[in-house]
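A short write-up of the structure that comes next.
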Amino acid sequence: MQERLQELKADALKQVEEANEVKALQDVKVQYLGKKGPITEVLKGMGKLPKEERPVIGQLANDVREEIATAIETKKQKLENEALEKQLEEETIDVTLPGRPAPTGGPHLLTNLIEEIEDLFIGMGFEVAEGPEVEADYYNFEALNLPKGHPARDMQDSFYITEEILMRTHTSPVQARTMEKHEGKGPVKIICPGKVYRRDTDDATHSHQFTQIEGLLVDKHVRMSDLKGVLNAFAKQMFGEEREIRLRPSFFPFTEPSVEMDISCKMCGGEGCSVCKGTGWIEILGAGMVHPNVLEMAGYDPKEYTGFAFGMGPERIAMLKYGIDDIRHFYTNDVRFLNQFHKA
Ligand SMILES: [Zn+2]
């Protein structure tokens, strides 16, 4: 019986030794020390032993049981410590690694482009002027030589708040307001960037909301050649030194004479391609000499003062500059699109 106990002890310790996870140790414990285990069986059979052997076997059985239990507990501690160490090792933070950059937002590409255009004109002595987006019919139309019923109003149908209040259809009312503030005296040299609104159906080239930048220069002795010089400087700085400009006659109610400005096509260098529709030129903006009626309504004497004005769409310029094919991209706020123009 002593041999049987020693055998059980050896087997149990061997299994403890071989166990490499806590679960296996639990199994060994149940198998050897459980109520139906072999040691319990031995103790149950003690009744058949001679009286003098009983205490010896009893003692031995208890010692074996104790030894196995201690071995299991020790091994369990060891496995748990190992697991913890392994975990700590795997989760070590290497403080010398560079940090992961946190994603940051940035200005919209139109905001960046508008600021670029502003800087360019500020460099030529212009000031930035702003005005309300909810505007009076008077400043949006009438003060710009567009009285009620004028057919050119149809091209700029707007969102009306009341009969007399509307969402401005262009940034020109800022020109009218600024001139009015000067009370007919002294030079005005401003550019007016901002959002404008029209009752257009959205498609690849139309949006009910878009941006404009207009410029106005009013002074004594301002001539058409001054306008051409300023626009030429703008085109070359914006699109490249090698760009040529040309002015074509056009019509706007608030300027006389009026022109459209084209720049030579960057893609083909003037030869004609799909971008310039075979003409070698790309339309950039509208301009002209301020109509005498507009000067007069703002309090300037058209016999003494003359001026020029121009207006362009930053969306159109961005589309040409970056090869963007749909105006809706600017306003749907898809970060996959916007990220391409994100300057960190
Ligand atoms: Zn071309």
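Residues in the sequence shown are numbered from 1 upward in steps of one, following UniProt numbering.
C-beta atoms are modelled at their ideal positions from N, C-alpha and C, and glycine is treated no differently.
Small disclaimer: the values here were computed from a predicted structure and weren't measured.
Among the options, the one whose alpha carbon lies nearest that of residue i
| i | options | result |
| --- | --- | --- |
| GLU163 | PRO249, PRO50 and TYR138 | TYR138 |
| GLY215 | THR178, MET155 and HIS221 | THR178 |
| GLY123 | PHE234, ALA136, ALA69 and ASP94 | PHE234 |
| SER250 | GLY288, SER274 and MET224 | GLY288 |
| residue 357 | MET167, ILE93, PHE330 and ILE245 | Outside the shown range of the chain (1 to 344) lies residue 357, about which nothing can therefore be said. |
| LYS78 | GLY106, ASN20 and VAL42 | ASN20 |
| residue 351 | PRO302, THR306, ILE213 and PHE254 | As shown, the chain starts at 1 and ends at 344. That puts residue 351 outside it, with no answer to give. |
| ILE284 | LEU231, GLU130, ASP200 and LEU120 | LEU231 |
| PRO50 | HIS221, ARG65 and MET1 | MET1 |
| residue 347 | HIS108, TYR32 and GLN31 | Nothing in the structure corresponds to residue 347, since the chain is present only between 1 and 344. |
| VAL174 | LEU97, PHE141 and VAL16 | PHE141 |
| GLY125 | ASN112, GLN15 and LEU217 | LEU217 |
Counted within 10 angstroms of its Cβ, other Cβ atoms place residue i as buried (16 or more) or exposed
| i | result |
| --- | --- |
| ILE191 | buried |
| TYR160 | exposed |
| ILE114 | buried |
| GLU89 | exposed |
| LEU110 | buried |
| GLU315 | buried |
| MET261 | buried |
| residue 429 | This structure cannot settle anything about residue 429, because the visible part of the chain is limited to 1 through 344. |
| LEU227 | buried |
| VAL275 | exposed |
Test item: CB-CB of residue i and residue j under 9 Å
| i | j | result |
| --- | --- | --- |
| GLY286 | PHE310 | yes |
| VAL188 | ASP219 | yes |
| ILE327 | HIS206 | yes |
| ILE72 | LEU25 | yes |
| VAL270 | GLU244 | In the sequence as presented, Val is not what sits at residue 270; that position holds Gly. Contact flag set, yes. |
| LEU146 | PHE308 | no |
| LEU8 | ILE39 | yes |
| ILE93 | PRO193 | no |
| ALA204 | MET297 | no |
| LYS321 | PHE239 | yes |
| LEU43 | ALA61 | yes |
| VAL134 | ILE165 | yes |
Any chain C beta carbon closer than 9 Å to residue i
| i | result |
| --- | --- |
| VAL128 | Among the chains of the structure shown, chain C does not appear; only one protein chain is present. |
Exercise answer, beta-carbon shell around ligand 1 heavy atoms below 6 Å: In chain order, the hits are CYS265, MET267, CYS268, GLY272, CYS273, VAL275, CYS276 and GLY280.
My parser needs the alpha helix (DSSP H) runs of 4 or more residues fully inside the segment 197 to 247; what are they? Listed in chain order, the alpha helix (DSSP H) elements of length 4 or more contained wholly in the segment 197 to 247 are 224 to 239.
If we require 3 or more residues per run, which beta strand (DSSP E) segments fall completely within the segment 252 to 327? Listed in chain order, the complete beta strand (DSSP E) runs (minimum 3 residues) inside the segment 252 to 327 are 255 to 264, 281 to 290 and 306 to 312.
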